[in-house]
Amino acid sequence: MSRIEARFQSRFGAFALDAEFRMPGRGVTALFGPSGSGKTTLLRLIAGLARAPGRLVVNGEVWQDEKTFLPTPRRALGYVFQEASLFPHLSVRGNLDYGWQRVPAGERTLNREDVIGWLGLDSLIDRMPHQLSGGQRQRVALGRALLSCPRLLLMDEPMAALDANARAEILPYLERLHRELALPVLYVSHALDEVARLADHLLLIEAGRITYQGPLAQGLTRLDLPLAHRDLAATVLDAVVVGQDAGLQLTRVASGSVELELAGLHGRPGEPLRVRVAARDVSLALAMPQQTSILNLLPAEVEELAEDAPGQVLVKLALGERPLLARITRKSAQLLKLEKGVRVIAQVKSVAVA
Amino acid sequence: MPLPALDHTAILLTLKLATATTLLLLLIATPLAWWLTHTHARLRAVVTALVSLPLVLPPTVLGFYLLVLLGPNGLVGGWMLALGLETLPFTFGGLVVGSVVFSLPFAVQPLANAFAAIGARPLEVAATLRASPWDRFFSIAMPLARPGFVTAAVLAFAHTVGEFGVVLMLGGNIPGETRVLSVAIYDHVEALEYAEAHVLSAGLVAFSFVVLLLLGKRGGQWQRMPA
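From first to last, the protein sequence lines are chains A and B. Mind the numbering: the first sequence is residues 0 to 353 in numbering that gives the first Met the number 0, read in order. Mind the numbering: the second sequence is residues 0 to 226 in numbering that gives the first Met the number 0, read in order.
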């Protein structure tokens with residue numbers, strides 16, 4: 000399977016970067032970390048916009064090593080910046096075609112009209128950048144990057160500069176990108192909900208070092224990593240819609256052997272749906288409760304416990320192969336005598352679409 | 000009143016000089032301004048100061064040194080003689096060289112400001128869209144710096160039309176060759192032909208005013224304080 004391997008070591012003033020990672024050759028890899036941790040620096044190094052000693056191989060092609068340094072225009076990459084950065088002197092069409100015209104015809108892996116239609120840009124094609132809203136601009140920037148037919152798409156917090164409405168407008172497009180293109184995407188973010196919604200793979204970076212690399216679901220639930228201890232800590236499950244009840248307005252999804260019900264009608268039967276369960280919405284019981292309002296009662300096994308906020312304990316459960324986080328009080332953990340291997344019933348109060 | 004034929008020649012010569020100077024200046028000032036806005040070399044400060052010298056020096060000083068340099072005993076002049084070329088002082092070519100030096104800061108500064116105003120981002124974006132450095136310069140930097148090019152061209156042209164000291168030192172007063180407008184006015188005044196001097200002077204005032212007015216309409220050299 001194709002993949003990207005990177006290793007950079009450098010010192011920028013007081014900031015030391017020492018990052019080594021691999022990411023899969025398809026799907027969205029989130030690069031997550033606090034501001035100042037080196038996310039943007041890493042992206043710029045991958046793009047060749049900045050230079051530091053290291054090694055970078057993308058799908059077998061060496062972009063950088065001891066002897067090689069491909070200049071940015073010779074790297075088949077797309078870069079979506081935090082601000083759309085459209086060329087102000089070119090129309091939407093001119094912006095979209097800028098990269099497209101510079102791709103040799105034989106290397107064009109996408110259909111221009113598909114991308115334009117797909118991002119809903121037909122009606123905007125003759126406008127100038129200053130006539131567009133923030134969300135529209137970012138859509139054009141995404142289309143422009145895609146039309147340069149990249150083999151790696153870099154996105155540097157593409158939604159950070161947008162307000163909530165524009166964010167809601169552009170998210171579906173990003174999800175579609177995720178679903179329909181095999182293109183590997185490295186997505187920088189410090190918004191956990193975005194990551195939970197879009198990413199498959201996770202790179203955690205802290206002070207210039209990669210502290211975790213692996214599948215998203217594991218990264219979110221590792222108790223030795225900071226993500227699980229956030230207020231909004233959650234488990235993400237990639238599921239398939241297996242049924243809907245229009246009368247009760249309920250959707251049933253399955254992720255492997257785990258079945259969950261969530262309020263509202265989402266997707267269509269057979270369609271994939273990513274759901275998330277907040278750690279604070281999971282409570283534990285030792286026996287199957289009777290006559291409860293909680294719909295999702297899942298047999299699970301305690302795998303690990305960790306101290307959390309004062310008086311609280313974070314419990315990592317195993318639902319078969321899948322992890323699930325529960326945040327309960329220390330008192331409850333003592334009362335239930337929770338420890339590794341104890342079998343419990345996880346009561347999931349609410350499941351949300353990620 | 001009808002102007003003497005000599006004055007017509009002077010007007011035409013002035014326009015020819017200003018046009019040649021402006022074209023040459025754009026060719027020289029563009030790479031220079033680009034280098035000044037993109038280099039990290041220590042030489043940058045030195046070059047900036049050198050380019051700005053004509054702003055503060057009396058034109059006679061510039062003219063004097065150019066005369067020495069380009070004359071038969073000067074470094075450049077001797078070299079040109081050795082190559083079998085004519086020396087430049089007291090020729091139209093000499094005036095062009097003098098005007099280019101004299102107006103260099105007026106072309107470099109607006110261009111450097113315009114290039115700096117573009118910022119690094121659009122050029123970086125273009126690089127990620129597979130544009131080579133030359134391609135980026137022509138497809139992004141030039142169009143975005145267009146106001147800077149207009150300002151540079153207009154200022155270089157107008158400043159050349161108005162020059163006097165350098166011309167006098169370097170070009171003398173040869174009709175059809177080096178006798179430009181400002182020199183013609185000086186001659187008229189010396190000869191107490193105030194009427195002729197008035198016509199040429201008023202024409203120059205009107206020309207300069209219109210140029211500055213048009214330039215001001217384009218956003219101008221001086222920004223108004225934000226309200």
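Even glycine gets a Cβ: it sits at the ideal position worked out from N, Cα and C.
Practice prompt. Use the C-beta contact count for I45 of chain A: other C-beta atoms within 10 angstroms, 16 or more gives buried, fewer gives exposed.
Written response: Position 46 of the first sequence holds residue 45 of chain A. I45 of chain A is buried by the Cβ-count criterion.
Worksheet item: Taking the alpha-carbon positions, what's the G26 of chain A to E179 of chain A distance?
Response: On the first sequence, residue 26 of chain A is found 27 positions in, with the first residue counted as 1. On the first sequence, residue 179 of chain A is found 180 positions in, with the first residue counted as 1. When the Cα atoms are used, G26 of chain A and E179 of chain A turn out to be separated by approximately 10 Å.
Fill in: Spatially closest choice to L30 of chain A from A:L201, A:P52, A:T108, by CA coordinates
Along the first sequence, read from residue 1 onward, the residue named residue 30 of chain A stands at position 31. Of the candidates A:L201, A:P52, A:T108, the one whose C-alpha sits nearest the C-alpha of L30 of chain A is A:L201.
Fill in: Beta-carbon proximity of F86 of chain A to I139 of chain B, cut-off 8 Å
Position 87 of the first sequence, counting from 1, holds the residue named residue 86 of chain A. Position 140 of the second sequence, counting from 1, holds the residue named residue 139 of chain B. When the beta-carbon positions are compared, F86 of chain A and I139 of chain B come within less than 8 Å of each other.
Worksheet item: Are there 16 or more other CB atoms within 10 angstroms of the CB of T13 of chain B, so buried, or fewer, so exposed?
Response: The sequence position of residue 13 of chain B within the second sequence is 14, counting from 1. T13 of chain B should be labelled buried.
Discussion item. Please return the same chain residues whose Cβ sits closer than 8 Å to the Cβ of L313 of chain A, not counting the five positions on each side in sequence.
Written reply: Your numbering for residue 313 of chain A matches position 314 in the first sequence. L222, A227, H228, A232, A278, L304, A305, E306, D307, L324, A325, R326.
Practice prompt. Check whether the Cβ atoms of M168 of chain B and G62 of chain B sit closer than 8 Å, and answer yes or no.
Written response: For the purposes of this step, residue 168 of chain B is identified with residue 169 of the second sequence, where counting begins at 1. For the purposes of this step, residue 62 of chain B is identified with residue 63 of the second sequence, where counting begins at 1. Result yes, Cβ atoms of M168 of chain B and G62 of chain B sit closer than 8 Å.
Discussion item. Can you tell me whether G219 of chain B is helix, strand or coil according to DSSP?
Written reply: If you number the second sequence from 1, residue 219 of chain B lands on position 220. Summary for G219 of chain B: the model assigns pLDDT 49, below 50, so the residue's position carries little reliability; its value from the coordinates is reported in the next sentence. Judged by DSSP in its simplified three-state form, G219 of chain B adopts coil rather than helix or strand.
Item to complete: Please list the partners that V124 of chain B has in chain A, where partner means a Cβ-to-Cβ separation under 8 Å.
Response: Indexing the second sequence from 1 puts residue 124 of chain B at position 125. Within 8 Å Cβ-Cβ: Y78, F80, S84, F86.
Discussion item. Can you tell me whether P128 of chain A is buried or exposed? The criterion is at least 16 other CB atoms within 10 Å of its CB, across all chains shown.
Written reply: Position 129 of the first sequence holds residue 128 of chain A. Residue burial annotation: P128 of chain A is buried, with at least 16 other C-beta atoms found within 10 angstroms of its C-beta.
Worksheet item: Any Cβ of chain A within less than 8 Å of the Cβ of L143 of chain B?
Response: Along the second sequence, read from residue 1 onward, the residue named residue 143 of chain B stands at position 144. Nearest CB-CB separation between L143 of chain B and chain A: below the 8 Å threshold.
Item to complete: Could you please give me the residues that DSSP links to T328 of chain A through a beta bridge?
Response: Walking along the first sequence from the start, residue 328 of chain A turns up at place 329. In DSSP, T328 of chain A forms a bridge with A:Q311.
Worksheet item: For S292 of chain A, is the classification buried or exposed, using 16 other Cβ atoms within 10 angstroms of its Cβ as the cut-off for buried?
Response: Counting from one through the first sequence, the residue named residue 292 of chain A turns up at place 293. When all chains shown are included, S292 of chain A counts as exposed.
Worksheet item: Considering L191 of chain B, what are the terminal residues of the beta strand (DSSP E) in which it resides?
Response: Walking along the second sequence from the start, residue 191 of chain B turns up at place 192. Neither: L191 of chain B is in no beta strand (DSSP E) and is coded neither H nor E.
Discussion item. Residues of the region 249-280 of chain A in Cβ contact with chain B at a cutoff of 7 Å, in chain order, please.
Written reply: Residues of the region 249-280 of chain A that bring their beta carbon within less than 7 Å of a beta carbon in chain B are absent altogether.
Worksheet entry | Neighbour list for P121 of chain B in chain A, Cβ cutoff strictly below 7 Å | If you number the second sequence from 1, residue 121 of chain B lands on position 122. Neighbours of P121 of chain B on chain A, chain order: S84, F86.
Item to complete: Report yes if the CB atom of V276 of chain A is closer than 8 Å to the CB atom of V343 of chain A, and no otherwise.
Response: Numbered from 1 along the first sequence, position 277 holds the residue referred to as residue 276 of chain A. Numbered from 1 along the first sequence, position 344 holds the residue referred to as residue 343 of chain A. Taking 8 Å as the Cβ cut-off, V276 of chain A and V343 of chain A do not qualify as a contacting pair.
Practice prompt. Grab me the residues of R178 of chain B's own chain with a C-beta within less than 6 Å of its C-beta, minus the 5 sequence neighbours each way, in chain order.
Written response: By one-based count along the second sequence, residue 178 of chain B stands at place 179. Listed in chain order, the non-local C-beta contacts of R178 of chain B below 6 Å within the same chain comprise A9, N172, local neighbours out to five positions each way being set aside.
Item to complete: Between the Cα of A122 of chain A and those of A:G105, A:E156, A:R92, A:R150, spot the shortest distance and give me the residue it belongs to.
Response: Here residue 122 of chain A is taken as the residue at index 123 of the first sequence, counted from 1. As written in the sequence, residue 122 of chain A is Ser, which differs from the Ala given in the question. Out of A:G105, A:E156, A:R92, A:R150, A:R92 has the C-alpha closest to the C-alpha of S122 of chain A.
Worksheet item: Is the region 142-149 of chain A touching the region 126-146 of chain B in the sense that three or more CB pairs, one from each, lie closer than 8 Å?
Response: They touch, by the three-pair rule.
Discussion item. Buried or exposed for G269 of chain A, going by 16 or more other Cβ atoms inside 10 Å?
Written reply: Indexing the first sequence from 1 puts residue 269 of chain A at position 270. Counting other Cβ atoms within 10 Å of its Cβ, G269 of chain A stays below 16 and is therefore classed as exposed.
Worksheet item: By the 10 Å Cβ neighbour count, where 16 or more other Cβ atoms means buried, how is L203 of chain A classified, buried or exposed?
Response: Locating residue 203 of chain A in the first sequence gives position 204, where the first residue counts as 1. L203 of chain A should be labelled buried.
Item to complete: Kindly identify the DSSP beta-bridge partner or partners of H200 of chain A.
Response: Taking the first sequence and counting its residues from 1, the one referred to as residue 200 of chain A is at position 201. Beta bridge pairing from DSSP links H200 of chain A with A:T28, A:P214.
Worksheet item: What separation, rounded to the nearest whole angstrom, lies between the Cα atoms of L55 of chain A and G47 of chain A?
Response: The residue you call residue 55 of chain A lines up with position 56 of the first sequence. The residue you call residue 47 of chain A lines up with position 48 of the first sequence. Distance between the alpha carbons of L55 of chain A and G47 of chain A: 10 Å.
Worksheet entry | Validate contact between the region 125-140 of chain A and the region 148-156 of chain A using beta carbons, cut 8 Å, 3 pairs | Between the region 125-140 of chain A and the region 148-156 of chain A, the count of C-beta pairs closer than 8 Å stays below three; the two stretches do not touch.
Discussion item. Considering only DSSP beta bridges, list what R54 of chain A is partnered with.
Written reply: Within the first sequence, residue 54 of chain A is the residue found at index 55, counting from 1. When beta bridges are read from the DSSP output, R54 of chain A appears opposite A:R6.
Worksheet entry | N94 of chain A classed as buried or exposed, judged by whether at least 16 other C-beta atoms fall within 10 angstroms | Within the first sequence, the letter at position 95 stands for residue 94 of chain A. Looking at its Cβ environment, which holds 16 or more other Cβ atoms inside 10 Å, N94 of chain A is buried.
Practice prompt. Output the residue ranges of the alpha helix (DSSP H) runs that lie fully inside the region 38-100 of chain B and measure 4 residues or longer, sorted by chain position.
Written response: Correct list: 42-55, 58-69, 74-81.
Worksheet item: Got a sec, what are the start and stop residues for the beta strand (DSSP E) A238 of chain A sits in?
Response: Position 239 of the first sequence, counted from the first residue, corresponds to residue 238 of chain A. Note, A238 of chain A: beta strand (DSSP E), 233-244.
Worksheet item: For M127 of chain A, which beta-bridge partners are listed by DSSP?
Response: Residue numbering aside, residue 127 of chain A sits at position 128 when the first sequence is read from its first letter. The partner list for M127 of chain A (beta bridge, DSSP) is empty, contrary to what the question assumes.
Item to complete: Measure the CB-CB distance between A238 of chain A and V184 of chain A and report whether it falls below 8 Å.
Response: The residue given as residue 238 of chain A occupies position 239 in the first sequence. The residue given as residue 184 of chain A occupies position 185 in the first sequence. Going by C-beta atoms, A238 of chain A is not nearer than 8 Å to V184 of chain A.
Worksheet item: Is any beta-carbon of chain A found at less than 8 Å from that of A40 of chain B?
Response: Here residue 40 of chain B corresponds to residue number 41 of the second sequence, with the count starting at 1. At a cut-off of 8 Å, the C-beta of A40 of chain B has no neighbouring C-beta in chain A.
Worksheet item: Beta carbon of A106 of chain B, beta carbon of A151 of chain B: below 8 Å?
Response: Working through the second sequence from its first residue, we reach residue 106 of chain B at position 107. Working through the second sequence from its first residue, we reach residue 151 of chain B at position 152. By the CB criterion at 8 Å, A106 of chain B and A151 of chain B fall inside the cutoff.
Discussion item. By the three-class DSSP mapping on this structure, what secondary structure does A155 of chain A have?
Written reply: One-based indexing of the first sequence puts residue 155 of chain A at position 156. Looking at the sequence provided, one finds Asp at residue 155 of chain A rather than Ala. Residue state, collapsed to three classes: strand.
Worksheet item: In the region 97-112 of chain A, which residues sit with their C-beta less than 7 Å from some C-beta in chain B, listed in chain order?
Response: In summary, the residues of the region 97-112 of chain A whose CB is separated from some CB of chain B by less than 7 Å are Y97, G98, R101, V102, in the order they occur in the chain.
Item to complete: Note down the Cα distance separating L66 of chain B from G164 of chain B, rounded to an integer number of angstroms.
Response: On the second sequence, position 67 is the one that residue 66 of chain B refers to. On the second sequence, position 165 is the one that residue 164 of chain B refers to. Using only the alpha carbons, I get a separation of about 12 Å.
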